[in-house]
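Have a look at the structure below before the remarks.
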Amino acid sequence: MKLSLLRTLWRPVLLTAYFAFAIAPILWVLAMSLKNSADVIATPPKFIFQPTLENYKAITVGLESYSTEALRPDFPRYFLNTLIIATSTVSVSLLLGTFAAYALARFSFRFKEDIAFTFLSFRFAPELMVILPLFVVFQKLHWIDTFAGLTVAYQLITLPFLIWVMRGFFESIPLEIEQAARVDGYTWWGVFRRVSLPLVRPGIAAVVILSFIAAWNNFIFAMILGGQETQPITLGILGFIGYERILWGQMAAATIICVIPELILAFCIQKYIVRGLTFGAVKG
Amino acid sequence: MAAIVFDHVSKRYGALPAVDDLCLEIRDKEFFVILGPSGAGKTTTLKMVAGIEPATGGTILLNGRPINHLPPEKRDVAMVFESYALYSHLTVFENIAFPCGAPGKSRPQAAVEAEVQRIAGLLGLGELLDRRPSQLSGGQRQRVALGRSLIRQPAVFLMDEPLSHLDAKIRTQMRAELKHLRESINTTILYVTHDYSEALSLADRIAFLYAGRIQQVGTPHDIYHRPANRHIAESLGDPPMNFLDGVLWAADGRVTLHTQGRSLPLPAAWAESLRPWNGCDLSIGIRPQHLRLLRASPGGEFALPGRVFVQETLGDDNLVSVVPDRPTVEQPVLMVLTEPNRVFPRDGPVHFTWQADQMHLFAKDTGQRLPGPA
Amino acid sequence: MNPARSSQSRSLPYLLTLPALLALLGILYPFFLGVYYTFTNYVLTDPAHIQWVGLRNYGVIFSDARFWQAIQVTFIFAFSAVGIELVLGLSVALALNHSFPGVQVLRSLLIVPMMIPPIVSALMWKVILLPTNQGVLNHLLSLVGIPSVAWLGDSSSALVSLILIDVWIYSPFAILILLAGLQALPKEPYEAAEVDGVSGWVVFRRLTLPMLTPCLVLITLFRLIDSLKVFDVIYATTKGGPAGATTTLHIHSYYEAIRWFKMGHGMVYLFVLWFFCFVASRVLIRLWLKTMMR
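Protein chains in written order, with this note's numbering: chain Y, 2 to 285; chain G, -12 to 361; chain V, 4 to 297.
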């Protein structure tokens, strides 16, 4: 009898506990972003408070005054920088990676699996192993703190992933359809453009969004190879933690604004998330 | 001039030959069928003509021109795939019109539309032009695949078992429609299948392919009535041909067949041609419809004894399985198609016989057909 | 399977992969450069006087107690995090593999922690884990009589707190994959087991678990290696402290190279870390392929 009680209860108990654990911190940050500067540092923390939008106003329009100009976080610029970096990274990856993925999917050639595995191995390498020497190289090339330099470096994040997942999508197109198009009179480029690409369009959308999010979320590349001009949100948000005081409320507001576009995009491609995160290994 | 010539064409995958030294000439405007079991190399042969698979040896000629080095888009052939290979992201109209957009072949939009409408009408697809392949039945998809190839007006049509994935009823219908359509097409068709009734119905000539090699080329009549080897004989006909073991004695102008402990004298006219096979072990092939069952003892006539295993009445057909006196592992029972309304009780004794000119003789070791029976 | 092999299509695949390949060879170069640096006395403040020193850096570092502590921290963190994520992931996936009102909403909510930049999530937790009852977690604990803990400030609890954050961010990864795996399981063996009257636990142990092995291996592959090389979470919260309690190889390499400018030393730490990651990836990928074949 005790066993059947356990059997019916374990599911709701576990799920309640887990999702409370998972969602509560985000709700807390949301609450923090709506607290005024006194409430946000109140000890003990306040659950009931008067909500205000002053944090959001401060980081977007910059109404609050700061002790030093240098300490003033420039949130809109960080947001824009992140957008520029992520967009250019993904565009370049898409251009380079789609063709490479098609070649890996459709052709057999020497060193094919070696090349494929080399692309994959970058996923598992410690970032600094590549970033630190890259820092030295970039210094010589004067690419530190440039959008071009970051776009090149960020390929390490997005390109292997894009190639592997797109390869899977191309491989799932029945070969005979492409063969039929060849017989119908099209060259490989015609087939690629008019048959292969349209058939993987949903896959491309998913991969683009996941790559975008990966680039958006990155911290370590920007920390070493970026600088004042290119600072994205992930770095900028640390700026709220200054030596003189910590602007918790604004940091919370920045968190919320940073995260909202990503969540919207992620919800759009829910169907493909598992496939993307496992580099195509699990179809989800 | 021959439409397609295979000149010692072969295809190897690693060490395995899928197609071995293929020599074949297909005449202009002929409906030529390559018949054979799965894995015989039929689809590979077709793909080599289309250019999707490169030949590893030999030359393929299309209207006298070698085409081995040409990529598929330059070969002027159209292919209907076994799986139809329709473009799932395009409508039926766009599928059929697709070849018209190929570089170097583009036609004005109005002409394309008119042509698609004509072909759709020919194939009964007029109502379906706005649908996607996923919304069509198997038979409808097959017709779209056919339409897509028709619009090309190529030098040769290649068809890879187009009917094999259809329900039995639709298949028979489509087979008739294909035969009917053939008149309007008036182009060389190279068709492969494993279904012998398709081959017999549609073909002008048939090539029987087994293990990558051609076993026999001939008209449907030739193939059915004079199969060149035991394998071909076994593959054509349902229920398949029965085989009995026997030994041939031919000497002094007389020929006798010894089987199941009895002797069957053969027409003297065959003595000369059969003499080289004196003393050979044979497989005697007789079709189920050519075996006659005698209830009573035959008297002077040649007949072999047996026991009834089971009788199956299949509508108008009466199929009796008979266990001969000396059954073998390969042929434990003989299938006999006899007149309806005759009743054969289980385990009852029975005699069976046949006419000499309706049997097929094959050498037991090679399976090759012996001359003699007309 | 190839289109007809003309001279154009023979070189085509190479042409198509070439740009991507070049881009990544551009990344391989820094890698080998880094390996080279491990054998030099390269100091960032004095780049001109770079000299080959052979295995001296290795000798110095291997005899440094901090190196071994860093290895210990790295492994404790990685294996604990992965272990918890597997168990928690499997439990929650099993719970979600059921249709009840709202299950779709819950499954959609799962992706949220993963989509937030890890550094931002870590900062979020930093606030929640504030010492004394200023932090909301401590406050909630005090309501049930548990005294406050300096989560990130105390060397005995710092690593545990970081593991907690890692689990918070990445257990959805395990859950989603296992959920996909569970939903792909064939129905027939379970129907047969039901007819045979086999109990739930045995079904789980003998049927579900073996069939989920490829998923479990895959999750381990990604999570083990990612937590071996974790960086953002530590940097945002403890920066390796207190007293090296949360200093992993990756974090320490950052300090050696960027804070103390000793590039040679830093690269040694990284090379060792890379080696562990490489071995783990080979072993686990091979294992995954093997379990997939079954």
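All C-beta atoms, glycine included, are put in the ideal place defined by N, C-alpha and C.
These numbers were taken from a predicted model, which means no experiment stands behind them.
Check	Outcome
Contacts around R200 (chain G), its chain only, beta-carbon distance under 6 Å, and the 5 residues preceding and following it disregarded	D7
Beta carbon of P161 (chain Y) nearer than 8 Å to that of F123 (chain Y)	yes
Proximity test, Cβ basis, 8 Å: T20 (chain V) and chain Y	yes
Between the CA atoms of V208 (chain Y) and E230 (chain Y) - distance to the nearest angstrom	28 Å
P214 (chain G): CB within 7 Å of a non-hydrogen atom of the ligand FAD	Annotation note on the ligand FAD: not contained in the displayed structure, which lists no ligands.
Length-filtered (4 minimum) alpha helix (DSSP H) runs lying within the segment 194 to 220 of chain Y	202 to 218
For D268 (chain G): DSSP bridge partner residues	G:V234
Helix, strand or coil at F48 (chain Y) according to DSSP, with G and I counted as helix	coil
Test item: CB-CB of T83 (chain Y) and I270 (chain Y) under 8 Å	no
The segment 8 to 28 of chain G / the segment 177 to 186 of chain G touching (three or more Cβ pairs under 8 Å)	yes
Inter-residue spacing [alpha-carbon to alpha-carbon] between A125 (chain V) and I166 (chain V)	11 Å
Where P358 (chain G) sits in the DSSP three-state scheme	coil
Unbroken beta strand (DSSP E) run spanning H56 (chain G), endpoints	Note, H56 (chain G): premise wrong, no beta strand (DSSP E); not H, not E.
Cβ contact check for the segment 56 to 75 of chain V and the segment 147 to 161 of chain Y: 3 or more pairs under 8 Å	no
Nearest-angstrom Cα separation, counted from P149 (chain G) out to D239 (chain G)	54 Å
Uninterrupted beta strand (DSSP E) stretches inside the segment 112 to 149 of chain G (no shorter than 3 residues)	143 to 147
Candidates G:F331, G:D303 and G:C267: closest to V295 (chain G) by CA position	G:F331
Beta carbon proximity, F176 (chain V) to chain Y, threshold 8 Å	yes
Residue-level contact to chain G via CB, D185 (chain Y), 8 Å cutoff	yes
Residues from the segment 185 to 209 of chain Y in contact with chain G, defined by Cβ distance under 7 Å	D185, G186, Y187, T188, G191, V196, P199 and L200
Spatial neighbours of V236 (chain V) in its chain, beta-carbon cut-off 7 Å, leaving aside the 5 residues before and after	P121, A125, L165, I168 and D169
Under 7 Å by beta carbon: chain Y residues contacting E369 (chain G)	Look at the range of chain G in this structure, -12 to 361, and you will see that residue 369 (chain G) is not part of it.
Cross-strand partners of S308 (chain G) (DSSP beta bridge)	G:V297 and G:M322
Nonlocal neighbours in the same chain, by C-beta distance under 6 Å from P226 (chain G), ignoring five residues either side	P275 and M322
For R241 (chain G): DSSP bridge partner residues	G:A238
DSSP state of P161 (chain Y) mapped onto helix, strand, coil	helix
8 Å contact criterion, which T241 (chain V) and L155 (chain V) should meet: CB distance rounded	5 Å
Closer than 7 Å at the beta carbon, the chain Y residues around N136 (chain V)	T44 and P45
Chain-ordered neighbours of R12 (chain Y) on chain V, where CB pairs are closer than 9 Å	L97, A98, L99, H101 and F103
Close beta carbons around N82 (chain G), own chain, < 6 Å, minus the five adjacent residues each side	L73, Y74, V131 and R135
CB of D185 (chain Y) within 8 Å of CB of F85 (chain G), strictly	yes
Spatial neighbours of G204 (chain Y) in its chain, beta-carbon cut-off 6 Å, leaving aside the 5 residues before and after	F170
C-beta neighbour in chain V for V166 (chain Y), strict 8 Å	no
Which listed residue (Y:I258, Y:R168 and Y:W190) has its alpha carbon closest to that of G277 (chain Y)	Y:R168
Own chain residues within Cβ distance below 7 Å of F22 (chain Y), not counting five before or after	none
Cβ neighbours of P4 (chain G) in the same chain (closer than 8 Å, five flanking residues each side left out)	S(-3), K(-2) and G199
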